[in-house]
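**Q** One structure follows; several queries about it will come next.
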Amino acid sequence: MELINTYPVKKSDLGFHGNLFGGKALAWIDASAAAYAMQVCDTPRVVTIKIEECLFKKPAKEGQLLKVYGKVHNIGNTSVKLYIEARAHNVYTGKQTTVVSTYITFVRIDEEGNPIPISERVKIKYGFKIPPKQTPDSSGGFDIYNG
Ligand SMILES: CC(C)(COP(=O)(O)OP(=O)(O)OC[C@H]1O[C@@H](n2cnc3c(N)ncnc32)[C@H](O)[C@@H]1OP(=O)(O)O)[C@@H](O)C(=O)NCCC(=O)NCCS
1110 MELINTYPVK KSDLGFHGNL FGGKALAWID ASAAAYAMQV CDTPRVVTIK IEECLFKKPA
1170 KEGQLLKVYG KVHNIGNTSV KLYIEARAHN VYTGKQTTVV STYITFVRID EEGNPIPISE
1230 RVKIKYGFKI PPKQTPDSSG GFDIYNG
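The opening residue of the sequence shown carries number 1110 in the numbering used here; numbering runs sequentially from there.
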């Protein structure tokens, strides 16, 4: 998984019980995942269509870092599905515990907000499409001399 973003957990980010407020964590996760989706899809025009179940397994506390990690789970025609994990990082020990994990899907859109296909290059790069076979002509061309 790739580290996408790091947020220091401040007093103003906490909820009633001294834990990082869940809505804050979700906003950070959505923003981080969107940035990652833009990078993956080679375009700034992506929108969140779906955030799947979010399981808040452990709390994050003031003074810790919330580190957001991600990886590409699937690329469809117009959408990319990411697996996202946010971990509380203890700066003194370097120990990390997973706070929340989920899958988030983004759709590539045009200027009018309509879905458009993710480029073939991106699909090939992430292994969701087999590259077309190279013919002698497409690879620059070569001649076999039979003389
Ligand atoms: C994203 C949006 C443009 C898609 O339009 P749409 O008419 O629903 O598009 P489609 O039905 O053609 O689906 C587009 C993609 O979304 C996927 N999708 C649609 N519904 C889905 C669902 N319930 N779960 C997962 N993926 C879904 C489709 O499978 C398709 O992906 P694919 O081409 O890789 O197969 C539209 O739903 C929208 O504008 N939503 C609001 C986005 C938003 O404001 N987000 C919050 C702020 S970023």
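Ideal Cβ placement from N, Cα and C applies to all residues, glycine included. None of these values were measured; they are calculated from a predicted model.
#1: Give me the DSSP bridge partner(s) of S1141.
#2: Along the chain, where does the beta strand (DSSP E) that runs through K1180 open and close?
#3: With a threshold of 7 Å (Cβ to nearest heavy atom), would V1149 be considered close to ligand 1?
#4: Would you kindly report the start and end of the unbroken alpha helix (DSSP H) that includes K1159?
#5: Is S1228 near ligand 1, going by C-beta to nearest heavy atom under 7 Å?
#6: Could you tell me whether any non-hydrogen atom of ligand 1 is closer than 7 Å to the CB of S1188?
#7: As an exercise, report each continuous alpha helix (DSSP H) stretch of at least 4 residues that is fully enclosed by the region 1192-1229, in chain order.
#8: Going by CA-CA distance only, name the one from R1217, R1230, E1229 that's closest to R1154.
#9: Taking 7 Å as the cut-off, does the CB of T1152 come closer than this to any heavy atom belonging to ligand 1?
#10: Straight-line CA distance for E1229 to K1238?
#11: Relative to the C-alpha of E1162, which residue among N1183, Q1148, Y1192 is closest?
**A** Taking the geometry as given:
#1: Within the sequence shown, numbered from 1, the residue matching residue 1141 stands at position 32. For S1141, which the question treats as bridged, DSSP gives no partner whatsoever.
#2: The sequence position of residue 1180 within the sequence shown is 71, counting from 1. K1180 -> beta strand (DSSP E) spans 1174-1184.
#3: As a position in the sequence shown, residue 1149 is number 40, starting the count at 1. V1149 has its CB no nearer than 7 Å to any heavy atom of ligand 1.
#4: Within the sequence shown, the letter at position 50 stands for residue 1159. In the DSSP assignment, K1159 falls outside any alpha helix (DSSP H) and lies within the beta strand (DSSP E) extending over 1155-1160.
#5: On the sequence shown, position 119 is the one that residue 1228 refers to. Annotation for S1228 indicates a beta carbon at 7 Å or more from all heavy atoms of ligand 1.
#6: Taking the first residue of the sequence shown as 1, we reach residue 1188 at position 79. For ligand 1, at least one heavy atom lies less than 7 Å from the Cβ of S1188.
#7: Fully enclosed alpha helix (DSSP H) runs of no fewer than 4 residues are not present anywhere in the region 1192-1229.
#8: Mapped onto the sequence shown, residue 1154 falls at position 45. It is R1217 whose Cα lies nearest to the Cα of R1154.
#9: Locating residue 1152 in the sequence shown gives position 43, where the first residue counts as 1. Placement of the Cβ of T1152 at a distance of 7 Å or more from every heavy atom of ligand 1 is found.
#10: Residue numbering aside, residue 1229 sits at position 120 when the sequence shown is read from its first letter. Residue numbering aside, residue 1238 sits at position 129 when the sequence shown is read from its first letter. Cα-Cα distance, rounded: 8 Å.
#11: Counting from 1 along the sequence shown, the entry for residue 1162 is found at position 53. E1162 has its Cα closest to that of Y1192, out of N1183, Q1148, Y1192.
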